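Novice:
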Amino acid sequence: MSGRLKRVNQLLKEEISQIIQKELDNPSIGFVTVTKVDVNHDLSIAKVYISVMEKNERKQYTLKALNNASSYIKKLLGARIKLRYMPEVKFFEDKSIDEDLRIEEIFKKIEKESE
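First residue of the sequence shown? That's 393 in our numbering, and the numbers climb one at a time after it.
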């Protein structure tokens, strides 16, 4: 990945986090953390990975609400960041945190059984 793409990813991550926290007024959106942004090489799509600290049903509502607000988020990003083309913003659940917690529980269980 080029240095430019890394900088764009980091900048988008910071700005999208700020927009979600301060500018989206939607009760469907739970407590969200933007964990990673991946922009493709031609800057046409930005995949935004989020972690939601809610139950599974609430996670789905949050993802749906964020994807419904993606054009508004793109508009706000366009006003804050000067890029020739602002990528389409698509939200996805970051499942790596859930996987980490599940693996940690397995290790704890194995440790208890070995004692």
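In this text, a Cβ means the ideal position worked out from N, Cα and C, and glycines have one as well.
Owing to the predicted nature of the structure, the values given are computational and were not obtained by experimental measurement.
Hey, how far is the Cα of Asp417 from the Cα of Ile502?
Specialist: Here residue 417 is taken as the residue at index 25 of the sequence shown, counted from 1. Here residue 502 is taken as the residue at index 110 of the sequence shown, counted from 1. Each residue's alpha carbon lies about 44 Å from the other.
Novice: Could you spell out where the beta strand (DSSP E) holding Ser463 opens and where it closes?
Specialist: Working through the sequence shown from its first residue, we reach residue 463 at position 71. Counting along the chain, Ser463 falls outside any beta strand (DSSP E), though it belongs to the alpha helix (DSSP H) covering 462 to 472.
Novice: Do three or more CB pairs link the segment 493 to 500 to the segment 449 to 467 at distances below 8 Å?
Specialist: Verdict: no, contact absent.
Novice: Taking 8 Å as the threshold, find out whether the segment 437 to 445 comes into contact with the segment 481 to 498 through three or more Cβ pairs.
Specialist: At 8 Å Cβ cutoff, the stretches touch.
Novice: In whole angstroms, what is the alpha-carbon distance linking Met478 and Arg450?
Specialist: Position 86 of the sequence shown, counted from the start, is the residue given in the question as residue 478. Position 58 of the sequence shown, counted from the start, is the residue given in the question as residue 450. Roughly 29 Å separates the two Cα atoms.
Novice: Compute the Euclidean distance between the alpha carbons of Lys414 and Ile465, then round it to the nearest angstrom.
Specialist: Numbered from 1 along the sequence shown, position 22 holds the residue referred to as residue 414. Numbered from 1 along the sequence shown, position 73 holds the residue referred to as residue 465. Rounded to the nearest angstrom, the two C-alpha atoms are 12 Å apart.
Novice: List in chain order: all unbroken beta strand (DSSP E) runs of 3+ residues lying wholly within the segment 400 to 432.
Specialist: Within the segment 400 to 432, the complete beta strand (DSSP E) runs of at least 3 residues are 424 to 431.
Novice: Could you round the C-beta distance between Leu404 and Val429 to whole angstroms and report it? I think they count as a contact, below 8 Å.
Specialist: Your numbering for residue 404 matches position 12 in the sequence shown. Your numbering for residue 429 matches position 37 in the sequence shown. Yes, Leu404 and Val429 are in contact; Cβ-Cβ is about 5 Å, under 8 Å.
Novice: Note down the Cα distance separating His433 from Phe423, rounded to an integer number of angstroms.
Specialist: Residue mapping note: residue 433 aligns to position 41 of the sequence shown, counting from 1. Residue mapping note: residue 423 aligns to position 31 of the sequence shown, counting from 1. Answer to the nearest angstrom: the Cα atoms are 30 Å apart.
Novice: Which value, in whole angstroms, describes the spacing of the CA atoms of Lys504 and Gln402?
Specialist: Stepping through the sequence shown from its first residue, residue 504 is reached at position 112. Stepping through the sequence shown from its first residue, residue 402 is reached at position 10. Cα-Cα distance, rounded: 40 Å.
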